[in-house]
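Beneath this line is the structure, given in structure tokens, with notes to follow.
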Amino acid sequence: MSLDLAYLRACAARGPFVRILITRTAGSVPREAGTSMIVWAEGQEGTIGGGRLEWEAVAEARAMLPQGGIAVRNYPLGPHLGQCCGGFVSVVFEVFAKDIPDSLPYARPLGPNAHWDAKIARAVARLHPSHSPAVVGDWLIETGPAAPHQIWIWGAGHVGRALVGVLAPLPDLALTWVDIAQSRFPEVIPPNVTSLIAQKPQGVVRHAPKTADHIIVTHSHSLDLELCHALLGHEFGSAGLIGSATKWARFKGRLSALGHNSAQISRISCPIGDISLGKHPQAIALGVATALLSRAEEAAHKNTGAM
């Protein structure tokens, strides 16, 4: 996950804190490299997986608060921690007060003998956001954030709300939520969700990023069709339409009559979600979210090269 400098500044407003960051893992572990949490003297936020590992890491962080600095600790997840995972986690503890970095990439030495040279500089220049965080020599490097994964949700009814509820807490996603009236939306909308009111949502499609994923769950079959038609005339990453096999059979005929060929039409998935989970809005949302996360993970792997 990318380092969020604005978030660190907001944390510093509550006083000195320690950021606990997983930099390397092996075997069976509770969380992946890049996972972090924040610890203050009397509170904490986030999680590196819970259990005995987090318990000891939080205690270590609070012990560091008075003296400051940065430290690396390695945790074998075996008998020493009373765990049976069998994996290994390398963790960096870094104390922040008011010294929040101004820009990225952010490099800091992990030991007194760390030496910056041309070889390390070249390695840092090759880093992609998907590599972050990276330990290069005796330096910890975190790059600028990758562009968030764009997801457009068309419709703020029961399924749309369930989708936002499942997707909004996940990192590195940017949600755009479209419907025809303010009254269609809940009173509270998560901060990483942009609500967009449009009396004719199909006219908004042209403003969507051409790599965005789209989920069509509106209150109207005619609007659903218009959105499918508009998306097929606009590039997109993926598109899913709520509905039955019967609905989709009719839509395919109508989209074909509108000039779209079968290869284009087949890019839209209908029904959406995992039918084995049932038709409850939250069940549909879980199935859709799983598919979107799998697709995002595949895309991230394509961007990850050898360091």
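Residue numbering for the sequence shown is 1114 to 1420, as defined by this note's numbering.
From the three backbone atoms N, C-alpha and C, an ideal C-beta is built for every residue, glycine too.
All figures in this text were calculated on a predicted structure; none of them were measured in a lab.
- It is roughly 25 Å from the alpha-carbon of Leu1354 to the alpha-carbon of Glu1300.
- Three or more Cβ pairs closer than 8 Å define a contact, and the segment 1345–1364 meets that threshold against the segment 1313–1326.
- Ala1170 is classed as buried because its beta carbon has at least 16 other beta carbons within 10 Å across all chains shown.
- As DSSP reads the structure, Pro1394 sits in no beta bridge.
- In the structure shown, Ser1389 falls within a helical segment according to DSSP collapsed to helix, strand and coil.
- Burial is judged here by how many other beta carbons sit within 10 angstroms of a residue's own beta carbon; Ala1370 has fewer than 16 and is exposed.
- The segment 1372–1382 makes no contact with the segment 1240–1255, as fewer than three CB pairs between them are under 8 Å.
- Boundaries cannot be given for Thr1256, as no beta strand (DSSP E) includes it and DSSP labels it neither H nor E.
- Residue range Ser1375 to Ile1378 is occupied by the alpha helix (DSSP H) that includes Gln1377.
- Contact fails between the segment 1224–1236 and the segment 1256–1270, because fewer than three Cβ pairs, one in each stretch, are under 8 Å apart.
- Around the CB of Gly1400, 16 or more other CB atoms lie within 10 Å, so the residue is classed as buried.
- When the five nearest sequence neighbours on each side are left out, the beta carbons in the same chain lying within less than 7 Å of the beta carbon of Gly1270 are those of Val1330 and His1332, in order along the chain.
- Per DSSP, reduced to three states, the secondary structure at Ser1369 is helical.
- DSSP, reduced to helix, strand and coil, places Trp1168 within a helical segment of the structure shown.
- In the DSSP assignment, Ser1335 falls within the alpha helix (DSSP H) that extends over His1334 to Leu1345.
- Restricting attention to alpha helix (DSSP H) runs no shorter than 4 residues, the segment 1258–1299 encloses them at 1271–1280, ordered along the chain.
- For the 9 Å CB-CB criterion, Val1249 and Ala1236 form a contact.
- For the pair Val1142 and Leu1178, the CB atoms are not nearer than the 9 Å cut-off.
- Ser1203 is positioned such that its CB atom lies no closer than 9 Å to that of Ile1293.
- For Gly1224, the closest C-alpha among the options Gly1182, Leu1217 and Ala1234 is that of Gly1182.
- Only exposed fits Glu1155, as fewer than 16 other CB atoms lie within 10 angstroms of its CB.
- No Cβ-Cβ contact shorter than 9 Å links Arg1274 with Pro1384.
- One alpha carbon belongs to Val1279, the other to Asn1226, and they sit about 45 Å apart.
- One alpha carbon belongs to Ile1302, the other to Val1291, and they sit about 12 Å apart.
- Look at Ile1183 here: in three-state DSSP terms it is strand.
- In this structure, His1373 sits near Leu1345, with a CB-CB distance shorter than 9 Å.
- Gln1157 sits in a strand when the DSSP states are folded into three classes.
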